[in-house]
Every structure is written in C-alpha cells, then in structure tokens.
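Throughout, my numbering is defined as the position within the sequence shown, counted from one, plus 22.
Everything below concerns the one structure shown next.
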Amino acid sequence: MFVKRVMIDEDLKAAFTIRKQVFVEEQSVPLEDEFDQFDTLNGLCEHILVHYNDQPVGTGRIRVVDDAGKLERICILKPFRKFGLGKVIIKALEEIAEEKGVLQVKLHGQTQAEGFYKKLGYQTSSPIFMEDGIPHILMVKELSTREIG
C-alpha cells in the first residue's frame with residue numbers, strides 16, 4: 023500500500039474513476055455535482071491516490087479555504103474498505119496541510135463516517151446538513167504545531 027500525490031493526468035483520471043464509482047454510482051450523487059473547478063492539476067488543490075496491491079483504490083483532495091485545510095472527496099472503492107486505507111488518506115492530506123503551514127483542517131463528513139473521523143481526532147462542529155442528498159456534519163481538527171529543525 024502506498025500514497026502518491028497526483029501530478030499527471032493519468033493519475034487524476036484514476037482519481038476521477040474512483041470518485042465516480044463511489045459517489046455517483048454507489049451513492050447517487052449527480053455527476054454534475056461531483057466534479058468542479060478544483061478538479062485540475064493547476065494547484066488550486068492537491069489530489070492524492072492510495073494504491074493497494076499496485077492498484078489505485080482510494081482518493082482525496084485538500085485545498086486551503088479561510089486559512090484551514092479543507093479535506094474533500096475522500097473515498098475508497100468498496101472491495102478495499104476495512105484495510106485501514108481511509109486513515110492513510112486522512113494522514114496524507116493532513117501532512118500536506120502541515121507542509122502548507124495550515125494549523126486546522128476541516129471536512130464535511132457523511133454522518134455514517136462520523137465515528138471514523140472522531141477516532142482520528144476530529145470534532146463535530148455543526149448540526150447535520152444535507153449535501154447532495156446525503157446527511158453531513160462539519161468536522162474540525164487542530165493540527166500539531168511541531169517545531170521543525
């Protein structure tokens with residue numbers, strides 16, 4: 023298992039394929055709502071892929087919004103869930119946030135995943151709201167302010 027940052031179109035297309043399968047086909051998110059202006063390699067956000075047995079099976083992205091890292095589009099193909107890959111994706115996105123000097127990360131988590139995010143140190147900070155027909159909550163985590171050097 024390994025994580026890589028998406029730097030080339032081929033990897034971005036792999037991330038899109040995973041997202042389409044999970045969000046559009048499995049969870050019925052409208053295709054036009056799943057993809058947006060941040061789905062490029064132009065630096066507005068960073069995408070990652072997690073590989074399992076040399077196959078891309080999970081993805082996520084991060085962008086800086088209001089001085090916080092916003093984790094988005096986190097998903098794993100169904101046959102590869104329960105291998106701890108979600109934790110790997112979150113950790114990789116948090117490391118990118120720290121590299122950017124961001125001290126807080128946030129995400130819109132599906133309510134069914136609230137327990138997972140809480141185990142990783144996220145706190146629920148909103149009432150339930152609907153996003154693409156799915157109940158979500160805003161979750162926030164303060165990152166460590168480690169001294170470097």
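Heads up, the beta-carbon is just placed ideally off N, CA and C, and yes, glycines get one too.
If contacts are defined as beta-carbon pairs under 8 Å, then residue i and residue j qualify, I think. What distance do you get, rounded to the angstrom?
i, j, result
"residue 145", "residue 162", "6 Å"
"residue 80", "residue 99", "7 Å"
"residue 139", "residue 105", "That pair is no contact at about 18 Å."
"residue 129", "residue 92", "7 Å"
"residue 56", "residue 45", "5 Å"
"residue 86", "residue 122", "6 Å"
"residue 101", "residue 40", "With 8 Å as the limit, residue 101 and residue 40 do not qualify as a contact, their Cβ atoms being about 12 Å apart."
Sort out for me which residues DSSP pairs residue i with in a bridge.
i, result
"residue 145", "162"
"residue 52", "The partner list for residue 52 (beta bridge, DSSP) is empty, contrary to what the question assumes."
"residue 97", "81"
"residue 70", "27, 82"
"residue 132", "158"
"residue 151", "158"
"residue 126", "164"
"residue 92", "85, 128"
Between the Cα of residue i and those of the options, spot the shortest distance and give me the residue it belongs to.
i, options, result
"residue 24", "76, 47, 46, 31", "76"
"residue 178", "40, 116, 28, 48", "No information on residue 178 is available, as it lies outside the stretch 23 to 171 that the chain covers here."
"residue 134", "103, 159, 101", "159"
"residue 37", "148, 96, 136", "96"
"residue 94", "66, 102, 149, 150", "66"
"residue 148", "118, 131, 156", "131"
"residue 164", "157, 152, 142", "142"
"residue 83", "30, 116, 103", "116"
"residue 119", "43, 50, 89", "89"
Quiz prompt | Contact the stretch 107 to 126 vs the stretch 55 to 65: 3+ CB pairs below 8 Å | solution = Cβ pair count under 8 Å is below three, so no.
Quiz item: Any contact of the stretch 111 to 128 with the stretch 60 to 80, i.e. 3+ C-beta pairs under 8 Å?
Solution: Touching, yes.
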